[in-house]
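Just so you know, the protein sequences line up as chains A and B, in that order. Sequential numbering from 22 applies to the first sequence in the numbering used here. Sequential numbering from 22 applies to the second sequence in the numbering used here. No residue lacks a Cβ here, since even glycine has one placed at the ideal position from N, Cα and C.
2 protein chains.
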Amino acid sequence: MGKAITSRHEDYSQWYNDLVLKSELADYSAVRGCMIIKPYGFALWENMRDALDKMFKDTGHVNAYFPLFVPKSLFEAEEKNAEGFAKECAVVTHYRLKSDPEKKGKLIVDEDAKLEEELVVRPTSEAIIWNSYKNWIQSYRNLPILINQWANVVRWEMRTRLFLRTAEFLWQEGHTAHATRDEAIAETKQMLDVYASFVENFMAVPVIKGIKTPNERFAGAEDTYCIEALMQDGKALQAGTSHFLGQNFAKAFDVKFSDKNNKLDYVWATSWGVSTRLIGALIMAHSDDDGLILPPKIAPLQVVIVPIYKSDEQKQQIAEKVTDIINNLKQLNVRVKYDDNDLTRPGWKFAEYEMKGVPVRIAIGPKDLENNVAEVARRDTKEKQSISLENISIAIFNLLADIQLNMFNKAKNFLDEHITEVNTWDEFIDVLENKTGFVSAHWDGTSETEEKIKELTKATIRCIPSNAKIEEGVCVLTGKPSAQRVLFAKAY
Amino acid sequence: MGKAITSRHEDYSQWYNDLVLKSELADYSAVRGCMIIKPYGFALWENMRDALDKMFKDTGHVNAYFPLFVPKSLFEAEEKNAEGFAKECAVVTHYRLKSDPEKKGKLIVDEDAKLEEELVVRPTSEAIIWNSYKNWIQSYRNLPILINQWANVVRWEMRTRLFLRTAEFLWQEGHTAHATRDEAIAETKQMLDVYASFVENFMAVPVIKGIKTPNERFAGAEDTYCIEALMQDGKALQAGTSHFLGQNFAKAFDVKFSDKNNKLDYVWATSWGVSTRLIGALIMAHSDDDGLILPPKIAPLQVVIVPIYKSDEQKQQIAEKVTDIINNLKQLNVRVKYDDNDLTRPGWKFAEYEMKGVPVRIAIGPKDLENNVAEVARRDTKEKQSISLENISIAIFNLLADIQLNMFNKAKNFLDEHITEVNTWDEFIDVLENKTGFVSAHWDGTSETEEKIKELTKATIRCIPSNAKIEEGVCVLTGKPSAQRVLFAKAY
C-alpha cells in the first residue's frame, strides 16, 4: 500500500483527502472542482443508489429524465430560486467550435454559433420540470405526480472538496405535484423519513431530523426539512433535504388544475434530494487512521479471503477448502472476494483491505487448515477471532449484521454525547470550541441574531429539531424570550 | 385514449412521433433538441440499462464516473476526434449570472465571470478519460483497465428526432486500456458481441455485425465495428458501435506503460457505446398502427389484468380470484398490474395498453369466472384465447417466452428478406427505391465511389459484414474489381 495516510489527530482535513485518494474512491480531474468517481467509489454509490431507488419505488415514485440545460428565461421564472443559484451557474453560450485560423490543430469558439438564449447547466431542476408539468397537469386526475430523477448537476463552487463540495455532483432529485397543501407537506415529511431511514439503516450514520430556519432554507421553498449528521471532528453535515415548495413554482410556471368541483387552483409542490456528498459523510462518520470503515450493507466488498501459503501445494489445499465457503457465502448474498494474487504479500493485502474498509477479512494458512479454522478479523473493532470452518458462512453472515449494528451504535453514542444543552453565552462558546458537536440553545427567532452568532462563532443553526419540546427560555445571545431550543453547530 | 395515431402507411415519420408521444415514452422539452424521457420510457430504459450493465460486469468491467466538462485544450488533443465533434459542441464560457440592472427580476451573464479556458460539454469522453488514465497507468500491472460509464452526453444536432437524434442523450461508454494490440482488438470484438447479444436476445431485434468503412469510422478510431438493424420502413439503423482506437489516444495524452521487460510503449485503447437511440430502434422494428409492441424481457409491464364488471359484487368476486393469479405471476418474476380503475371503461383500457405495447392482456368477466377461464390477448399477433384459470400463471409465463421468440423471428424474417444481392447499377437503384432494405453489392473500396453512391442515392455503406465471403466481383458503380460484397442502405 505504500506509505500510510495522515492521522486524524495530525490534520483532519488532510486525513480526509488522503483517505479518499488512497482508498481509490475518487480522484481529482483536469476540470476545476470536478472529481472522478473511481470504480471502488462508484460501486459504493451504486449500492447506495440502488437501496434508495428501491425505497423511492416502494413509496410510489417513478423515475424520469429531464434535460441537462435550462433556458435562462425559464431559470429566472421563480425569482427566489434563480437568485439563490445565479452565482453558481455554468452557462452555455455557444454550440460550435471551429479551427483556429492562427494555430494549426487548435480550436476556438465559433462566434457565429452564439445561442440566442443562454442555457444554464442545471444546478437543480425545478424550473425545467415545472415548465413540463404545466403541460401534463390539467385536472386532479393528473395528480399526484411522483417523479424522481437520478442526474448530474453543476454548481460552481469556489472552494471544493472531494465528495463534500464539487462543481459537478451526482444526485437524485424528487419533484412531486399535489392537489392539496396537506398532501404536499405529508410527502415532504415522508421523504425526510425515507432519507433518515436510509442513512441510519444502510450507512449506519445516526441523524437528527428537523426543519431549517428561513435563513438556511432552499431558495424557493416555504419550508426545508433536513437530516443532520455529526462527523468525528465534531462538525455537522447536512445529509439530505426535503422541501415543501408551496405553490411557488406552480405560480411561476402557471400550473393550475381543476379540482373535483371544477375549481381552478395552483398545484402544490415538493422537491427532495441527496447526493454523492453522502459518501463524504459516510467516510467522516466512521473511518480511522488505517483507512475506510464501511458498513456491510453498502460495502462494495463485504468479505475478503486471503490465503497464507509458502508452496503451490499449500495454496492449492487452501483454494480447495475455500471454494465451498465462497459458494455458501454467495448463496447468502454476501459479496466476497478470494485474493490469491501472487504479486503481493499477505501483510500488504491486509493493509490494502483495511484501507478500503472491507468489513470482514478471513485469513487461512496451513496451520488453520490442520485445525479446521480460519482467522477472522472485523474492520470496525479490529478484533480477531478463530472460527471453525464448519458453518463459518453463517458465522460471517451474522458477523456482518453485528458490524452494521455496532457501527451505528458507536456513531449514535458519539452523537448523543455531543448534543449539549447550554443556557449562557459563555457555555455556548466553550462547548463549541472545546467539546464541539451540536449545541442545544435558546434563540430569539430572528435572522439578525442567527447571523450575529454565525459571525461571532462560525456556528449556524443546523435545524429546529422535530422532537424539540416546547420550553420557555431566553436567547443565548440576546436574552430575548424563546419558546424552544434549536441546534447550533459548525458545519461542512 | 383519445384519437388514434397516424398510420405507418400514411406517414411513417409522423407515425413514429405520434407513437412516442401517445405511448408516453417521451415528450418535447423547452430546450431545443432535448427530450424528456417520461416515466414509462425511463422504466423501459432502466430495464435495458440493467440487462446491459449485468453483461458488462459479467465480462469483467466496472463502472466509474468522469466529469461532464472537457477543457478545450484536452478536447483538441486528439485531433481527428476533436475535428469530428467540433461542430456539435455545446460550450460553457461563463460560471455566473447576475441581476440585469435594466430589467428587474431578470438575469444576465456576468461578464466578469468568464472562464479562462472554455469547457466543452462532453460529446464523448475519450479526452477527459485518457487524460486521467495517464496518471493511473505506469506499468503492465495497471493493465487492463476495463471501465464503463453511464452518462449524459451532448451533441448539438440541427435536425433532431425523439430518441433517434437528440442534442442530449443518455448512453454508456466503455473505455478500456490494454498492453497489446491483440488484446484491445479482442476486447473491441467482445463488446460488439455483447451488444449483438443484448439487442437480439432482449430487444428481439436481429442485427448484422460488421465493420465500418474509413468514411463512416468514429473520429479517432483505427476501426469501428458496428451492429446494424433494419426498421420496418426498410431503412437501416446503427444500433451500437465498438471502436478499436489503436494508440491514438495514448499518443495524444502521452500514456505509456512499462512492460514485463521494462520496455516503454504506448497503451492500446478501445471505446464502445450504445444509447437511448436503441429505444428508437426498438419502436421502429416492432410497433404497429395501434401502438408499441414491446418484447417481454424489457417491457416495463409484461401483463395487465382488466376486470369486466357491472356491479361492485362482480368486481369483488373477480378481485378475489385474481389475487392468487397475481401472486403466482409475481413469484415467477412477471411484472403484472391489476387495473381496476373505475374512471375508465375496459375498452379504453384495452386501447391504452395496446398503445403502450404491454405484451399480454388478461380480461376477466363474470361469465369467465363461471367457466373458470380468462380471455388472454397477446399484443404481438393480437390473437386471443381462452385459458383455464388453473395454472394460468404458468401458461402466461410460457406465453411471454413465446412472444419474445416470435417477435425476434418475425423481425429476423423481415431482415433476411431484405438483404438483396445485386450485380448491376440498375438493380441497385431498383432494390433501393422499391424493395428497400440492405443491398449487398460489390464496391471498389474507394471513398470516392462510396461518396458518389451516397450523392446519387442517399444510400451509405452500413458495414462490411463480418460473415462476408471472399468473392471476386466488380463494383456496382465503377466496374472496378472488388473482393467482397458490402451492405448499402438508406439509414437513420
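DSSP beta-bridge partners for residue 171 (chain B)?
As a first step, residue 171 (chain B) is located in the second sequence; it is residue number 150 there, counting from the start. Paired residue(s): B:193.
For residue 385 (chain A), tell me which candidate among A:377, A:397, A:376, A:374 has the shortest Cα-Cα distance.
Numbered from its first residue, the first sequence carries residue 385 (chain A) at position 364. Cα-wise, what sits closest to residue 385 (chain A) is A:397.
Alpha carbons only, please: which of B:182, B:250, B:409, B:100 is nearest the one belonging to residue 218 (chain B)?
Within the second sequence, numbered from 1, the residue matching residue 218 (chain B) stands at position 197. The shortest C-alpha separation from residue 218 (chain B) is found at B:250.
For residue 268 (chain B), does the three-state DSSP call read helix, strand or coil?
To locate residue 268 (chain B), count along the second sequence from 1; it is residue 247. In the structure shown, residue 268 (chain B) sits in coil (DSSP, three-state: anything other than H, G, I, E or B).
Would a check of beta-carbon distances place residue 517 (chain B) closer than 7 Å to chain A?
Here chain B covers residues 22 to 513 and nothing more, so residue 517 (chain B) does not appear.
Can you tell me which of the three DSSP states residue 518 (chain A) falls into?
The first residue shown for chain A is 22 and the last is 513, placing residue 518 (chain A) beyond what the model contains.
Assign residue 407 (chain A) to buried or exposed, taking buried as 16 or more other Cβ atoms, counted over all protein chains shown, within 10 Å of its Cβ.
Translated into the one-based positions of the first sequence, residue 407 (chain A) becomes position 386. It is exposed - the Cβ of residue 407 (chain A) has fewer than 16 other Cβ atoms within 10 Å.
Should residue 293 (chain B) be labelled buried (16 or more other beta-carbon atoms within 10 Å of its own) or exposed?
Position 272 of the second sequence, counting from 1, holds the residue named residue 293 (chain B). So residue 293 (chain B) counts as buried.
Where does residue 402 (chain A) land, buried or exposed, given buried means 16+ other C-beta within 10 angstroms?
As a first step, residue 402 (chain A) is located in the first sequence; it is residue number 381 there, counting from the start. Classification of residue 402 (chain A): exposed, given that the 10 Å Cβ count is below 16.
Specify the secondary structure class of residue 258 (chain A) as computed by DSSP and reduced to three states.
The residue given as residue 258 (chain A) occupies position 237 in the first sequence. The answer is strand: DSSP assigns residue 258 (chain A) an E or B state.
What is the rounded straight-line gap between the Cα of residue 500 (chain B) and the Cα of residue 468 (chain B)?
By one-based count along the second sequence, residue 500 (chain B) stands at place 479. By one-based count along the second sequence, residue 468 (chain B) stands at place 447. Distance between the alpha carbons of residue 500 (chain B) and residue 468 (chain B) is about 15 Å.
For residue 86 (chain B) and chain A, any beta-carbon pair shorter than 7 Å?
Taking the second sequence and counting its residues from 1, the one referred to as residue 86 (chain B) is at position 65. By this cut-off, residue 86 (chain B) is an interface position.
Along chain B, which residues have their Cβ under 8 Å away from the Cβ of residue 57 (chain A)?
Residue numbering aside, residue 57 (chain A) sits at position 36 when the first sequence is read from its first letter. Ordered by position in chain B, the residues that pass the 8 Å Cβ test against residue 57 (chain A) are 85, 86, 87, 88, 153.
Could you pull out every residue in the same chain whose Cβ sits closer than 7 Å to the Cβ of residue 149 (chain A), ignoring the five residues on either side in sequence?
One-based indexing of the first sequence puts residue 149 (chain A) at position 128. Here the set comprises 87, 88, 91, 95, 143.
Considering only the alpha carbon of each residue, which of B:146, B:128, B:83 lies closest to residue 50 (chain A)?
The residue given as residue 50 (chain A) occupies position 29 in the first sequence. The shortest Cα separation from residue 50 (chain A) among B:146, B:128, B:83 belongs to B:146.
So, does the CB of residue 60 (chain A) fall closer than 7 Å to a CB anywhere in chain B?
Indexing the first sequence from 1 puts residue 60 (chain A) at position 39. Chain B, which has a Cβ nearer than 7 Å to the Cβ of residue 60 (chain A), makes this yes.
Using a C-beta to C-beta distance shorter than 9 Å, which residues of chain D count as neighbours of residue 287 (chain A)?
The structure shown contains no chain D; its protein chains are A and B.
Which partner residues of residue 484 (chain A) appear in the DSSP bridge assignment?
As a position in the first sequence, residue 484 (chain A) is number 463, starting the count at 1. In the DSSP output, where bridge partners are listed per residue, residue 484 (chain A) has A:508.
I'd like to check one pair, residue 220 (chain A) with residue 228 (chain A): are the Cβ atoms closer than 7 Å?
As a first step, residue 228 (chain A) must be located in the first sequence, where it is residue number 207. As a first step, residue 220 (chain A) must be located in the first sequence, where it is residue number 199. Yes, the Cβ-Cβ distance between residue 228 (chain A) and residue 220 (chain A) is below 7 Å.
Applying a beta-carbon distance threshold of less than 8 Å, which residues of chain A neighbour residue 107 (chain B)?
To locate residue 107 (chain B), count along the second sequence from 1; it is residue 86. Chain A residues near residue 107 (chain B): 117, 118, 119, 120, 128.
Mind pulling the chain A residues with CB within less than 9 Å of residue 177 (chain B)?
Here residue 177 (chain B) refers to the residue found at position 156 when the second sequence is read from its first residue. Near residue 177 (chain B) (Cβ distances below 9 Å), the residues of chain A are 116, 117, 134.
Residue 48 (chain B) touches chain A at which residues, Cβ-Cβ below 9 Å?
Residue numbering aside, residue 48 (chain B) sits at position 27 when the second sequence is read from its first letter. What residue 48 (chain B) touches in chain A: 153, 156, 157.
Show which residues of chain B have a CB atom less than 7 Å away from the CB atom of residue 278 (chain A).
In the first sequence, residue 278 (chain A) corresponds to position 257, counting from 1. By Cβ distance, chain B contributes nothing, its closest Cβ being about 16 Å from residue 278 (chain A), past 7 Å.
Count the C-beta pairs between the segment 317-324 of chain B and the segment 363-383 of chain B that are closer than 8 Å, then say yes if the count reaches three, no if not.
Contact holds: three or more Cβ-Cβ distances are below 8 Å.
For residue 446 (chain A), which three-state DSSP category applies?
On the first sequence, residue 446 (chain A) is found 425 positions in, with the first residue counted as 1. Residue 446 (chain A): helix per DSSP, three-state reduction.
Would you call residue 413 (chain A) buried or exposed, if buried means 16 or more other Cβ atoms sit within 10 Å of its Cβ?
Position 392 of the first sequence, counting from 1, holds the residue named residue 413 (chain A). It counts as buried.
Are the C-beta of residue 113 (chain B) and some C-beta of chain A separated by less than 7 Å?
Here residue 113 (chain B) refers to the residue found at position 92 of the second sequence. Judged by the 7 Å Cβ criterion, residue 113 (chain B) is in contact with chain A.
Taking all protein chains shown into account, do 16 or more other C-beta atoms lie within 10 angstroms of the C-beta of residue 22 (chain B), making it buried, or fewer, making it exposed?
What you label residue 22 (chain B) is simply residue 1 of the second sequence in a count that begins at 1. At residue 22 (chain B) the pLDDT is 49, less than 50, meaning the model places this residue with poor confidence; the figure from the coordinates comes in the next sentence. So residue 22 (chain B) ends up on the buried side.
Please state whether DSSP places residue 309 (chain B) in a helix, a strand or coil.
Indexing the second sequence from 1 puts residue 309 (chain B) at position 288. Reduced to three states, the DSSP call for residue 309 (chain B) is strand.
Per DSSP, which residues does residue 293 (chain A) bridge with? Please list them.
On the first sequence, position 272 is the one that residue 293 (chain A) refers to. In DSSP, residue 293 (chain A) forms a bridge with A:195, A:263.
Confirm, please, whether the CB-CB distance from residue 168 (chain B) to residue 273 (chain B) is below 7 Å.
Against the second sequence, residue 273 (chain B) aligns to sequence position 252. Against the second sequence, residue 168 (chain B) aligns to sequence position 147. For residue 273 (chain B) and residue 168 (chain B), no; Cβs fall outside 7 Å.
Assess, as a yes-or-no matter, whether the segment 490-500 of chain B is touched by the segment 445-457 of chain B under the definition of 3 or more beta carbon pairs within less than 8 Å.
Output reads yes: the segment 490-500 of chain B touches the segment 445-457 of chain B.
What residue range is occupied by the uninterrupted beta strand (DSSP E) comprising residue 406 (chain A)?
Residue 406 (chain A) sits at position 385 when you count from the first residue of the first sequence. Start and end: 405-409.
Between the C-alpha atoms of residue 475 (chain A) and residue 35 (chain A), what's the straight-line distance to the nearest angstrom?
Within the first sequence, residue 475 (chain A) is the residue found at index 454, counting from 1. Within the first sequence, residue 35 (chain A) is the residue found at index 14, counting from 1. Straight-line Cα distance between these residues: approximately 25 Å.
Verify the CB distance criterion: does residue 52 (chain A) have a CB-CB separation below 7 Å to chain B?
Working through the first sequence from its first residue, we reach residue 52 (chain A) at position 31. Yes, because at least one Cβ of chain B sits closer than 7 Å to the Cβ of residue 52 (chain A).
At a CB distance below 7 Å, what residues from the segment 255-281 of chain B approach chain A? Give them in sequence order.
So nothing in the stretch comes that close.
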